[in-house]
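Colleague:
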Amino acid sequence: MQTIVLIMQRTSVAQGLLALLRKEHDVELYHEDDYNHANAAIRVYRAHSVLIEVSENGECNADYCLSICDNIKKEMPNCKVLLMCPEKNKKCIGQVVAAKQSGRIDNFVFYDASLRYLSSMLLLE
Numbered sequence: 151m152q153t154i155v156l157i158m159q160r161t162s163v164a165q166g167l168l169a170l171l172r173k174e175h176d177v178e179l180y181h182e183d184d185y186n187h188a189n190a191a192i193r194v195y196r197a198h199s200v201l202i203e204v205s206e207n208g209e210c211n212a213d214y215c216l217s218i219c220d221n222i223k224k225e226m227p228n229c230k231v232l233l234m235c236p237e238k239n240k241k242c243i244g245q246v247v248a249a250k251q252s253g254r255i256d257n258f259v260f261y262d263a264s265l266r267y268l269s270s271m272l273l274l275e
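So the mapping is simple: our numbering equals the position in the sequence shown, first residue as 1, plus 150.
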């Protein structure tokens, strides 16, 4: 059974994604909305996949979230790491594209992605 951890402040998106995944797949799911606890949660739950939301404003910007990703890749190299970023923030898009190309993250999605698409990206093949 795979374990998926969602690190995000958008509670409604997290709840919808959790409900969809629980209904359709045999997975363990966890949601953490405090980014300061992200690395601990991912280690404790032994995540196979993680989705981290890049905040549109505030301290949980792309730089901060990418530092979390770097820690995950260092401590749990087999964990699939996805970032969710705003589709209209060109600076953020540039950062996550570069992070994907360099292997800092496995992939990224935009805020406007459907729940079904998000779930397919999180599930291991």
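Glycine included, every Cβ here is placed at the ideal spot set by N, Cα and C. As the structure is a prediction and not an experimental result, all values here were calculated from the model.
#1: With residue 254 and residue 219 assumed to form a contact (beta carbons below 8 Å), what rounded beta-carbon distance in angstroms separates them?
#2: Using only the alpha-carbon positions, how far apart do residue 211 and residue 204 sit?
#3: Curious, which full-length beta strand (DSSP E) runs of at least 3 residues does the stretch 222-248 contain?
#4: Could you check how far apart the C-beta atoms of residue 268 and residue 201 are, in whole angstroms? I think they sit under 8 Å.
#5: In terms of residue numbering, what span does the beta strand (DSSP E) encompassing residue 200 cover?
#6: Which residues mark the beginning and the end of the beta strand (DSSP E) in which residue 178 is found?
#7: Mapping DSSP to helix, strand and coil, what is residue 257?
#8: Tell me, to the nearest whole angstrom, how far the beta carbon of residue 241 is from that of residue 198; I am working on the premise that it is less than 8 Å.
#9: For residue 214 versus residue 236, is the C-beta spacing smaller than 7 Å?
#10: Report the CB separation of residue 159 from residue 183 in whole angstroms; it is logged as a contact under 8 Å.
#11: Which of helix, strand or coil does DSSP assign to residue 165?
Modeller: So, from the listed chains and residues:
#1: In the sequence shown, residue 254 corresponds to position 104, counting from 1. In the sequence shown, residue 219 corresponds to position 69, counting from 1. Correct: roughly 6 Å between the Cβ atoms.
#2: For this step, residue 211 is matched to residue 61 along the sequence shown. For this step, residue 204 is matched to residue 54 along the sequence shown. Going from the Cα of residue 211 to the Cα of residue 204 covers about 5 Å.
#3: 230-235
#4: Counting from 1 along the sequence shown, the entry for residue 268 is found at position 118. Counting from 1 along the sequence shown, the entry for residue 201 is found at position 51. 7 Å between Cβ atoms; contact.
#5: Reading the sequence shown from its first residue, position 50 is the one you call residue 200. Segment 199-203, the beta strand (DSSP E) holding residue 200.
#6: As a working note, residue 178 is residue 28 in the sequence shown. Run containing residue 178: 177-182, per the beta strand (DSSP E) assignment.
#7: Position 107 of the sequence shown holds residue 257. Here residue 257 sits in strand by DSSP.
#8: For the purposes of this step, residue 241 is identified with residue 91 of the sequence shown, where counting begins at 1. For the purposes of this step, residue 198 is identified with residue 48 of the sequence shown, where counting begins at 1. Going by Cβ atoms, the distance from residue 241 to residue 198 rounds to 30 Å, so no, they are not a contact pair.
#9: Here residue 214 is taken as the residue at index 64 of the sequence shown, counted from 1. Here residue 236 is taken as the residue at index 86 of the sequence shown, counted from 1. Result no, Cβ atoms of residue 214 and residue 236 do not sit closer than 7 Å.
#10: Translated into positions along the sequence shown, residue 159 becomes position 9. Translated into positions along the sequence shown, residue 183 becomes position 33. With a Cβ gap of about 6 Å, residue 159 and residue 183 count as contacting.
#11: Along the sequence shown, read from residue 1 onward, the residue named residue 165 stands at position 15. In this structure, residue 165 counts as helix in the three-state DSSP scheme.
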